[in-house]
Amino acid sequence: MTLNGKTALVTGSTSGIGLGIAQVLAGAGVNIVLNGFGDPAPALAEITRLGVRVIHHPADLSDVAQFEALFALAEREFGGVDILVNNAGIQHVAPVEQFPIETWDKIIALNLSAVFHGTRLALPGMRTRNWGRIVNIASVHGLVGSTGKAAYVAAKHGVVGLTKVVGLETATSNVTCNAICPGWVLTPLVQKQIDDRAASGVDPQQAQHDLLAEKQPSVAFVTPQHLGELVLFLCSEAGSQVRGAAWNVDGGWLAQ
Ligand code: NAD
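FYI, in the working numbering the residues of the sequence shown are 459 to 714.
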């Protein structure tokens, strides 16, 4: 089976994990629909260099109409989405009593509801073409909690639950749905948490080491490339009976 010529929509792919996954898929010949904020030019250049077709749409995925416009563009340009990677996500750290209500709503809208909207928009085309892969980038926080991350942990547990339901509803088809649950990956989302620790006077290198050592026994970051390679496996024939799984890639975090 070849992925050459298929189309992947990777949400939140102008930086971090999403861009890494898009690069690995593009390396396998998959055309890419990028999405995310900021200047898309570097990401577009990276993917173009790999010899596939690539477009970008800046939809804010917490707005359903914008997500629908992104899907319409992907259908017009590529005839549909074969691989959907629901990756876009945000974080905010605060105790539950002080958690800003609007921030709770924003995190649930993007980290959970957008996964539902992407899935419902992608499934009809995948069923018609009789092949599809939905990969949800959840988190170890889809399986365990940590203090200060009420909205994020709630949303990611929701994503793991939604993944199981979609895995079941597609179980007799050539469409699969799975979640990947990364531990710490050094991206802008995590750098902010390191910077917050360093702001209290800790040496930045020490702050990074402490963040890893508290949770991740390997004391080493997972990389976007590691996650991209797992997406590639889930898209392969060998991965075709992995259904509704929540697969942790976490340097041993959840083994403790
Ligand atoms: P990141 O901040 O580097 O990238 C997030 C991407 O999402 C960016 O492209 C950004 O522009 C985009 N984005 C943000 N808000 C958006 C919106 N409303 N609509 C559309 N796009 C939006 O973050 P990352 O660390 O690469 O995280 C990617 C995913 O991986 C998230 O779902 C995150 O929860 C998950 N994750 C990250 C880690 C980690 O350690 N970095 C660990 C586990 C899970």
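C-beta: ideal position from N, C-alpha, C; glycine also.
These numbers come from a predicted model, not from an experiment.
Tell me, which residues are paired with residue i by DSSP?
i: V643; result: V680
i: H514; result: L492
i: W458; result: Residue 458 falls outside the range modelled here, since the chain spans only 459 to 714, and no answer is possible.
i: T465; result: N489
i: V633; result: G590
i: A552; result: K607
Along the chain, where does the beta strand (DSSP E) containing residue i start, and where does it finish?
i: L542; result: 541-544
i: V660; result: No beta strand (DSSP E) holds V660; DSSP gives it neither H nor E.
Quick one: does the C-beta of residue i sit closer than 8 Å to a heavy atom of the ligand NAD?
i: N569; result: yes
i: L467; result: no
i: K607; result: no
i: I490; result: no
i: A657; result: no
i: K673; result: no
i: G709; result: no
i: N493; result: yes
i: G547; result: yes
i: L647; result: yes
i: P553; result: no
i: V598; result: yes
i: W642; result: yes
i: P500; result: no
i: D518; result: yes
Closer than 8 Å by C-beta to residue i: which residues in its own chain qualify, once you throw out the five before and the five after it? Chain order, please.
i: G606; result: V551, A552, P553
i: W562; result: A608, A609
i: D654; result: V551
i: A403; result: Here the chain has residues from 459 to 714 only, and residue 403 is not among them.
i: I505; result: A480, Q481, A484, I490, L492, V512
Which same chain residues, not among the five before or five after residue i, have their C-beta less than 6 Å away from its C-beta?
i: N632; result: N588, W589
i: H575; result: V522, F525
i: G736; result: Given a span of 459 to 714 for the chain in the structure shown, any question on residue 736 remains unanswerable.
i: A466; result: L483, V488, I490, I541
i: G470; result: G476, G494, N545, A546
i: A596; result: K614, V617, V618, A637, C639
i: P682; result: I475, G478
i: L579; result: F529
Assuming residue i is part of the alpha helix (DSSP H), what are its boundary residues?
i: G590; result: Here G590 belongs to no alpha helix (DSSP H); instead the beta strand (DSSP E) covers 590-595.
i: A609; result: 608-627
i: W711; result: That residue, W711, is in no alpha helix (DSSP H); it is neither H nor E in DSSP.
i: A696; result: No alpha helix (DSSP H) holds A696; DSSP gives it neither H nor E.
i: P500; result: 499-506
i: Q524; result: 522-536
i: I452; result: Absent from the model: residue 452. The displayed extent of the chain is 459 to 714, so no value can be given.
In chain order, what residues of the same chain have a beta carbon less than 7 Å from the beta carbon of residue i, not counting five sequence neighbours either side?
i: V648; result: W642
i: H615; result: G600
i: A629; result: R701
i: G603; result: V611
i: F691; result: G697
i: A704; result: A596, G600, L601, V618, T621, A637, C639
Is the beta carbon of residue i within less than 8 Å of some heavy atom of the ligand MG?
i: I475; result: With respect to the ligand MG, the structure offers nothing, as its ligand set consists of the ligand NAD.
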